[in-house]
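> Could you have a look at this structure, given as structure tokens, before my questions?
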Amino acid sequence: MKLRIIPVILASVFCLEAGSAFADSHGLETMQLAEEKKCTACHSKSESDALAIAPSFENIAQRYSMDEADRLVEVVLTGGEGHWGSAEMPDMGVRTDVSRKDAEKLVKWILDMGE
Numbered sequence: 003m004k005l006r007i008i009p010v011i012l013a014s015v016f017c018l019e020a021g022s023a024f025a026d027s028h029g030l031e032t033m034q035l036a037e038e039k040k041c042t043a044c045h046s047k048s049e050s051d052a053l054a055i056a057p058s059f060e061n062i063a064q065r066y067s068m069d070e071a072d073r074l075v076e077v078v079l080t081g082g083e084g085h086w087g088s089a090e091m092p093d094m095g096v097r098t099d100v101s102r103k104d105a106e107k108l109v110k111w112i113l114d115m116g117e
């Protein structure tokens with residue numbers, strides 16, 4: 003009986019590791035997207051990262067819930083001010099264009115940091 007359980011346990015451990023690797027690669031891929039779209043010109047991933055002129059992604063995740071994702075996607079797409087103190091998020095013409103799909107992916111990734 004013990005010999006039959008060992009392959010099941012090993013398979014379970016492998017699946018957990020594969021899932022963890024997928025999550026890490028997804029996060030890395032989205033961080034690369036944030037860099038490509040120049041989000042990191044103003045935002046850092048965390049407070050412990052280099053000085054930033056805008057709130058860190060982790061601070062945003064702490065302030066907003068997934069229920070506010072649609073509103074945050076609009077902020078990413080349109081820019082504006084008054085979202086976080088007096089800092090202004092530049093309009094799309096000033097920063098790299100972000101598609102709705104990319105904005106949704108970035109917002110989900112940021113808000114997942116708060117969970």
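Using the numbering used here, the first residue of the sequence shown is number 3, and each one after it goes up by one. Glycine residues also receive a C-beta, built at the ideal position from the N, C-alpha and C atoms.
(1) Let me know the secondary structure DSSP gives MET91 once reduced to three states.
(2) Could you tell me the distance, in whole angstroms, from the CA atom of ASP26 to the CA atom of GLY116?
(3) Going along the chain, which residues of its own chain have a beta-carbon closer than 7 Å to the beta-carbon of THR32, five neighbours each way excluded?
(4) Give the secondary structure of LEU113 by DSSP, where H, G and I count as helix, E and B as strand, and everything else as coil.
(5) May I have the straight-line CA-CA distance separating ALA56 from ASP114, to the nearest angstrom?
(6) CA-CA distance, LEU35 and ASN61?
(7) Could you name the residues of the same chain whose beta carbon sits closer than 8 Å to that of PRO92, not counting the 5 residues immediately before and after it, in chain order?
(8) Any idea which residues DSSP pairs GLU83 with across the strands?
Short version:
(1) Of the three classes helix, strand and coil, the one that applies to MET91 here is strand, per DSSP.
(2) Low confidence applies to ASP26: its pLDDT is 48, below 50, so where it sits in the model is not reliable enough to give any reading.
(3) Short of 7 Å from the beta carbon of THR32, and not among the five residues preceding or following it, lie these beta carbons of its own chain, in chain order: LYS107, LEU108, TRP111.
(4) Three-state DSSP puts LEU113 in a helix.
(5) If I take the Cα positions, the gap works out to 19 Å.
(6) One C-alpha to the other measures close to 19 Å.
(7) For PRO92, same chain residues with a beta-carbon under 8 Å away, outside a window of 5 residues either side, are GLY81 in chain order.
(8) Note: GLU83 sits in a beta bridge opposite GLU90.
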